[in-house]
Amino acid sequence: MRPIIFGGRFGWLHPGNGTRGVVLCNAYGHESVWSHGGMRNLADRLSASGMPVLRFDYRGTGDSAGADGANDQFETAVDDVCAAIARLREETGVARVTLCGLRLGAAFALLAADRCEVDQLVLLAPVASGRSYVRELSIMRNIWLDQLPAPLRAVQPKDAPLNVLGQVYSAAFRTRLNAFDAIDALKDRTGAPASRTLIVDMSAGGTDALQKRLEALGGKVEQRPFEGYAAFMQETTFSSLPTRVFDAVVDWIAATDGRQGPSSRAVLKTDWEPDLMLRTPEACERPVRFGVAGRLFGILCTPHEMHDRGPVLLITNTSASPHVGDSRLSVRIARELARRGIASLRFDGRGIGDSSPVHGAGSPQDERQPVYSSAVVEDVATAAHWLKEQGYRQVVSFGICSGAYSALRAALAGRALSGVISVNLQRFHVPDGISTDALRQHRPNSMAGYRSSFFELKKWKQVLSGDRKIMPFVRLVLKRSTTALAVRIGAWRRRIAGWSCAETMPVDPHEILRTLQRKEVSALFVCGAYDSSLDLVTMYFGPRGKRLSRFAGARAVVLDDLDHSVFGSHAADAVVGLCCEFVKGLESRRATAATIINAESPA
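Counting from 1, position 85 in the sequence shown corresponds to residue 1222 in the numbering used here; the numbering is continuous, with no gaps.
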């Protein structure tokens, strides 16, 4: 596959030599991130069957140009689908096009089919009623709010645009979404938008009315159940591919074409255009690949005017989410930094997003690395080394949660990093091989979070009814007590025995900080006031990380409004500000050191 840019839209063209092509229409918001690996997998399966495939990001989403939460995003998404169809035809010369959309992408596909020539529609778990979908989004937001400590819940804006897991929906977008109804969208048609339609629905009978309307317009419609939908549409770490559904979709699309002859411009090449670049108002963005055999993929985001290659921020994957970040957070951070004059690289580790799979076959989600693994850390170190080779003076790794872990450990693994920004770090060391089930169970609250819940009657009712367990709180208290004792004993032993530099990567937090100090790597630990990362820092380095001051270049910052995943807009703004301050601080210290060295040099 190769990256492609058209009209401010970023996409991927998967090769194929058939006369039928497929345009994939992504889901929207958090569902787009959760299903990214699945949509790539589907594209790879279609491509392997000989069909060229174009998957892309709507403007204002993913790696495409445009701001989040624009008022006209519903209409422009439909325009984007039509533009993608035209570009697929232009690139490949295919005679027939299938539109395949997931969730809200299915609604966009249905509307685009009314304006563009397609002969097949595949609607995967389609949003047939916008009003019902908005209710789903509100429920999802309320679930997230309910999991927040009360003080964080209280500061979430009530009159601002709807924020669902970091994705902002403008009032105009919600109004347009509320008004959408698939049946109404077809009421003025005299013929079916496509001769054949496949509906793969997650609930029995949920799209019967849509099927009847399409058939009344003369279309042939087939319905199938979406087996494994719940296991698929969830956080990327835990998501499972609906392989049986995808196989059925590929077979259905290919069924009418028999043995396809090659198109007039068969897409077989996967060579990248060397000067491919997307220009946004804030930045210039270039797709890059690096690492062994170019298996790692990233987007290098630079300011429009960059006089030299000074500092650069290396943005790691959060969990198994692709490089765009949860609800596009990494893109927003990168472009805001570029606006302030700082370059960045957001990239995917092996088996994540748009990087190559671990062992060279299939799609990344077939062989995803555990989010806490030495392989992920190695990939971050590789990315840092690549940036150094490009001439950047200061490379700073940045990550949230599991990304904070790989950003920190990469500084121990290599020598390319000058700094680390670790947001809501959960662990200083995780042995390889930790299972997904163990990660699912390890979602601790913080001491501050428990304190904030202590006087909430609803929480106590949940404990008494068995809906909420109290043992995690007991275990946390015991862990804090035993860790504090272990830290004192460890310090006493080190004073007696002395501390020596081991060749292996350290696992003890104090040894980690000593190693960073020895390597002259600065470290910033950003903790939410109600996040368990603050407990971690407090256990090893005193209240709010005070004892980090014993290590050169290390400090902790505690933000009152910072939620764990940085979904809140104010929290994201604060994190961007800290990144700028930290990176520019490194540059000023480097300049000061250079001035001193020059002054001391003999004439």
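The C-beta atom is built at its ideal place from N, Cα and C for all residues, glycine as well.
Please report the Cβ distance between residue i and residue j, rounded to the nearest whole angstrom; I am assuming they are in contact, meaning their Cβ atoms lie under 8 Å.
i: D1491; j: F1434; result: 5 Å
i: I1537; j: V1703; result: 6 Å
i: A1319; j: A1265; result: 4 Å
i: D1751; j: T1455; result: There is simply no residue 1751 to check, as the chain begins at 1138 and stops at 1740 in what is shown.
i: K1656; j: R1726; result: With 8 Å as the limit, K1656 and R1726 do not qualify as a contact, their Cβ atoms being about 15 Å apart.
i: F1705; j: Q1293; result: Checking the sequence, you will find Gly at residue 1705 rather than Phe. Confirmed, about 7 Å.
i: P1440; j: A1420; result: 6 Å
i: A1223; j: F1193; result: No, A1223 and F1193 are not in contact; Cβ-Cβ is about 12 Å, not under 8 Å.
i: R1361; j: A1385; result: 6 Å
i: M1370; j: W1171; result: 6 Å
i: S1555; j: L1685; result: Incorrect: roughly 18 Å between the Cβ atoms, too far for contact.
i: Q1563; j: Y1542; result: 7 Å
i: A1316; j: G1242; result: About 18 Å separates the two Cβ atoms, so there is no contact after all.
i: V1231; j: L1225; result: 7 Å
i: F1363; j: V1387; result: Between V1387 and F1363 the Cβ distance is about 15 Å, and since that is not below 8 Å, they are no contact.
i: L1289; j: Y1667; result: 6 Å
i: R1432; j: S1493; result: 4 Å
How would you write the range of the beta strand (DSSP E) that residue i sits in, first residue to last?
i: Y1270; result: No beta strand (DSSP E) holds Y1270; the alpha helix (DSSP H) holding it covers G1267 to Q1284.
i: V1429; result: First-last for V1429: undefined, no H or E at that position.
i: C1162; result: R1157 to C1162
i: S1481; result: A1480 to D1485
i: N1300; result: L1299 to V1301
i: K1349; result: No beta strand (DSSP E) holds K1349; the alpha helix (DSSP H) holding it covers D1345 to A1353.
i: D1338; result: R1333 to D1338
i: F1143; result: R1139 to F1143
i: Y1306; result: Q1304 to Y1306
i: A1367; result: No beta strand (DSSP E) contains A1367, which is instead part of the alpha helix (DSSP H) from Y1366 to F1369.
Looking only at C-alpha atoms, which of the options sits nearest to residue i?
i: G1199; options: E1227, S1511 and I1142; result: I1142
i: F1678; options: R1651, E1657 and Y1667; result: R1651
i: R1476; options: Y1509, P1448, E1442 and G1488; result: E1442
i: E1195; options: A1521, E1515, N1561 and R1465; result: A small fix is needed here, since residue 1195 is Tyr in this sequence, not Glu. Considering only alpha carbons, the answer is R1465.
i: E1254; options: G1328, L1179, L1347 and L1314; result: G1328
i: H1173; options: R1272, I1489 and G1447; result: I1489
i: G1153; options: M1188, P1140 and R1139; result: M1188
i: V1517; options: R1472, E1648 and A1550; result: A1550
i: P1418; options: W1389, E1473 and L1299; result: E1473
i: G1197; options: Y1165, A1392, L1179 and A1185; result: Y1165
i: W1149; options: V1468, T1213 and L1179; result: L1179
i: R1568; options: H1151, T1519, L1545 and S1511; result: At residue 1568 the sequence reads Pro, which differs from the Arg that was named. Answer by Cα proximity: S1511.
i: L1450; options: H1707, V1533 and L1285; result: V1533
i: R1483; options: D1574, C1438 and Y1529; result: C1438
i: I1649; options: G1478, D1485 and V1557; result: V1557
i: G1570; options: A1346, V1461 and P1507; result: P1507
i: R1272; options: L1261, L1299, L1285 and D1251; result: L1299
i: V1658; options: P1646, E1227 and A1689; result: A1689
i: I1390; options: A1331, G1145 and C1717; result: A1331
i: C1716; options: A1480, L1302 and S1169; result: A1480
i: Q1654; options: S1269, T1229, L1545 and V1382; result: L1545
i: F1211; options: F1147, V1468, R1530 and R1311; result: R1311
i: D1209; options: L1314, E1372 and G1486; result: L1314
i: G1175; options: G1144, R1139 and P1379; result: P1379
i: L1671; options: L1699, E1410 and R1687; result: L1699
i: Y1270; options: V1301, S1184 and D1296; result: V1301
Would you mind reading off the limits of the alpha helix (DSSP H) that contains residue i?
i: Y1677; result: S1669 to F1678
i: C1219; result: Q1210 to T1229
i: T1641; result: Note, T1641: premise wrong, no alpha helix (DSSP H); not H, not E.
i: R1476; result: L1466 to R1476
i: T1519; result: S1511 to E1526
i: F1662; result: Run containing F1662: none in the alpha helix (DSSP H); it sits in the beta strand (DSSP E), S1659 to G1665.
i: I1743; result: Only positions 1138 to 1740 of the chain appear in this structure, which leaves residue 1743 out of reach.
i: T1652; result: P1646 to R1655
i: P1152; result: Neither: P1152 is in no alpha helix (DSSP H) and is coded neither H nor E.
i: I1320; result: A1319 to A1322
i: P1288; result: A1287 to V1292
i: L1241; result: L1241 to A1250
Is it the case that the stretch 1684-1703 contacts the stretch 1662-1671, given that we only count it when at least three CB pairs across the two stretches are under 8 Å? yes
Per the contact definition of three or more C-beta pairs closer than 8 Å, is the stretch 1245-1252 in contact with the stretch 1322-1337? yes
Inter-stretch contact at 8 Å, needing at least 3 Cβ pairs: the stretch 1194-1208 / the stretch 1299-1319: yes
Any contact of the stretch 1343-1354 with the stretch 1273-1280, i.e. 3+ C-beta pairs under 8 Å? no
Please list the segments of the beta strand (DSSP E) lying wholly inside the stretch 1531-1570, counting only runs of 3 or more residues, in order along the chain. 1531-1537 and 1556-1560
Touch check for the stretch 1228-1243 and the stretch 1157-1176: three-plus C-beta pairs under 8 Å? yes
Start-end ranges of the alpha helix (DSSP H) lying completely within the stretch 1159-1193, minimum 4 residues: 1167-1171 and 1173-1185
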